[in-house]
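Here numbering that gives the first Met the number 0 is used: position 277 in the sequence shown is 276, and no number is missing along the way.
I have placed the structure first, in the form of structure tokens, so that the comments after it can refer back to it.
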Amino acid sequence: MSSIDASQIHNNKALLAAQDRAAMPASKMIVEVARKFGVSPIKQMREMFKLDRKAGISFGEYYAAQHYRTDLTAEEKLQFVGEKGSYQLNLRLSPAKLGDKRSFIRDKVLYTTMLKGMNLPTTETQAVVHSERGFGGIKTLRAPSDVSRFLKSEAIYPVFAKPLEGSKSVGSALLEGIDAAKGLIEMGNGKAFDIDAFAHEVITDYPEGFTFQSAVRQHKAVSALAGHAVGTMRVVTVIEKSVPRVLYAVWKIPSPKAMSDNFWQSGSMLGAVDAETGKVSHAITGAGPDRQILEQHPISGKSFAGFQVPHWEKVKEVANQGHSLFPEFGVFGWDIAVGEDGPVIIECNANPFHTLYQLPHDRGINNANFAPVFDRVEARTQAILKERTEQMKQLRKEQQV
């Protein structure tokens, strides 16, 4: 492997930490918005309380997503949601009473194994870390020494590492290889960590389990524009009647210095993708007053506008096929990588974060096009709940006879 300079060796945490929650706005931010956008502090406070109450948008999200903008009407602002509002919307579409399979879907090993058994393209798990569970024929690592040995002599690099359960890329890392002579694990962001220390971090910080998967080789056209770090397509599907369809799509574009594509990492971008055609119009980066609309990628200089996501029809097809496995759910969010040979399902999210749509598409998720769709999806899931309730009543009657 390549030689590592001493300045690249790090002794702190190797795995991606959780995002800090959007904080209460500082007085400096309130003053800046008043000065730049002509929105008085009193109006800002009134809007924040209203959007928090009616749309689940926190005070911090009000500023991060620029809900203070004067080019949006009061009605348009109420079409947006924050993290809380997004969760409430998803509960409408996939009620908790229908969610007995959520824990299975969150389990990255069991779920991807099922997808593979259904001939759907997904990731290859090389090993799983867990103190108690078994995973059939998949290599299981119990102790830090097992993890170290795997990384030093058994792993096939590059490897993508992440917790068995979780979201927002927390705990993830791209492992490019090792420097055996120095006992270092080489990360996708150019940093290096002591292998044994990394193994202890995995075991200590993620007792619920951890996975090592073969990293996806991204399509050359995607890498030429946005770099080699894999940026997945967030594809959200819904079922209004009996057949799922793609509602919207967003391209999560990694920062040039990041190992994963979560938007809250500094320098990461979101691309607006036409769900029907798979064509990109533009990308955005940053939050609050620092938010920027990008016509070109900041490193490659290549244009986002008009870029055709490769294999787009197949991307939509595998998302819909995946949703069909659990038709009682009204909504799913799919993270799909675009490889040379086609799409690869990375993860399925039963609680997709709809802010990812709102930021690059610059419209609320409860817009005039989507709101009627959500009503139809909700009506369908409520009908399923009613049918299940009647079946349970009938079963209890039969048991009493």
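Here a beta-carbon is modelled for each residue, glycine too, at the ideal position from N, C-alpha and C.
TODO: Please classify residue 155: does DSSP put it in a helix, a strand, or coil?
DONE: On the sequence shown, residue 155 is found 156 positions in, with the first residue counted as 1. Residue state, collapsed to three classes: coil.
TODO: Look up residue 203 in the DSSP assignment and say whether it is helix, strand or coil.
DONE: As a working mapping, residue 203 is identified with position 204 in the sequence shown. DSSP places residue 203 within a helical segment (H, G or I) once states are collapsed to three.
Open item on the list: Taking 7 Å as the threshold (C-beta atoms), are residue 332 and residue 216 in contact?
Closed with: To locate residue 216, count along the sequence shown from 1; it is residue 217. To locate residue 332, count along the sequence shown from 1; it is residue 333. Taking the C-beta atoms as reference points, residue 332 is found no nearer than 7 Å to residue 216.
Task: Beta-carbon proximity check, residue 270 vs residue 279, cutoff 7 Å - done: Sequence index remark: in the sequence shown, residue 270 carries index 271 (1-based). Sequence index remark: in the sequence shown, residue 279 carries index 280 (1-based). Against a cut-off of 7 Å, the Cβ pair of residue 279 and residue 270 comes out as a contact.
Open item on the list: In this structure, how does DSSP classify residue 125 when only helix, strand and coil are distinguished?
Closed with: Taking the sequence shown and counting its residues from 1, the one referred to as residue 125 is at position 126. In the structure shown, the three-state DSSP call for residue 125 is strand.
Task: Enclosing beta strand (DSSP E) for residue 175 [first to last residue] - done: Working through the sequence shown from its first residue, we reach residue 175 at position 176. 172 to 178 is the extent of the beta strand (DSSP E) around residue 175.
Task: Boundaries (first-last residue) of the alpha helix (DSSP H) holding residue 256 - done: Residue mapping note: residue 256 aligns to position 257 of the sequence shown, counting from 1. First-last for residue 256: undefined, no H or E at that position.
Task: Spatial distance of residue 342 from residue 36 (CA atoms) - done: The residue labelled residue 342 in the question sits at position 343 within the sequence shown. The residue labelled residue 36 in the question sits at position 37 within the sequence shown. About 42 Å.
Open item on the list: Taking DSSP's pairing of strands, which residues face residue 311 in a bridge?
Closed with: Taking the first residue of the sequence shown as position 1, residue 311 is located at position 312. In DSSP, residue 311 forms no bridge with anything.
- [ ] Would you mind giving the Cβ-Cβ distance between residue 239 and residue 372, rounded to the nearest angstrom? I have them listed as a contact below 8 Å.
- [x] Translated into positions along the sequence shown, residue 239 becomes position 240. Translated into positions along the sequence shown, residue 372 becomes position 373. Right, their Cβ atoms sit about 6 Å apart.
Task: Which residues DSSP lists as bridging residue 89, in chain order - done: Here residue 89 refers to the residue found at position 90 of the sequence shown. Answer is none; residue 89 lacks a bridge partner.
TODO: Under 8 Å by Cβ, that's how I've got residue 318 and residue 245 pegged, so tell me the actual separation to the nearest angstrom.
DONE: For the purposes of this step, residue 318 is taken as residue 319 along the sequence shown, with counting starting at 1. For the purposes of this step, residue 245 is taken as residue 246 along the sequence shown, with counting starting at 1. A Cβ-Cβ distance of about 6 Å is found for the pair residue 318 and residue 245, placing them in contact under the 8 Å criterion.
Task: N- and C-terminal bounds of the alpha helix (DSSP H) containing residue 148 - done: Translated into positions along the sequence shown, residue 148 becomes position 149. From DSSP, the alpha helix (DSSP H) with residue 148 extends over 143 to 148.
Task: Strand pairing of residue 217, partner residues [DSSP] - done: Position 218 of the sequence shown holds residue 217. Within the DSSP bridge table, the entry for residue 217 names 338 as partners.
Task: For residue 345, three-class secondary structure by DSSP - done: Your numbering for residue 345 matches position 346 in the sequence shown. DSSP places residue 345 in strand when its eight states are reduced to three.
Task: In chain order, each beta strand (DSSP E) run of at least 3 residues that lies wholly inside the stretch 230 to 294 - done: Fully enclosed beta strand (DSSP E) runs of 3 or longer: 232 to 238, 243 to 252, 268 to 272, 279 to 284, 291 to 293.
TODO: Go ahead and pull the three-state DSSP assignment for residue 316.
DONE: Here residue 316 refers to the residue found at position 317 of the sequence shown. Note: residue 316 maps to helix in three-state DSSP.
Task: Same chain, Cβ closer than 7 Å to residue 153, five either side skipped, listed in chain order - done: Here the question's residue 153 lines up with position 154 in the sequence shown. A distance below 7 Å between beta-carbons, with the five flanking residues on each side excluded, links residue 153 to no residue of its chain.
- [ ] Using a threshold of 7 Å, state whether the C-beta atoms of residue 357 and residue 79 are closer than that.
- [x] Translated into the one-based positions of the sequence shown, residue 357 becomes position 358. Translated into the one-based positions of the sequence shown, residue 79 becomes position 80. Yes, the Cβ-Cβ distance between residue 357 and residue 79 is below 7 Å.
TODO: Could you spell out where the alpha helix (DSSP H) holding residue 184 opens and where it closes?
DONE: Your numbering for residue 184 matches position 185 in the sequence shown. For residue 184, no alpha helix (DSSP H) encloses it; the enclosing beta strand (DSSP E) starts and ends at 183 to 186.
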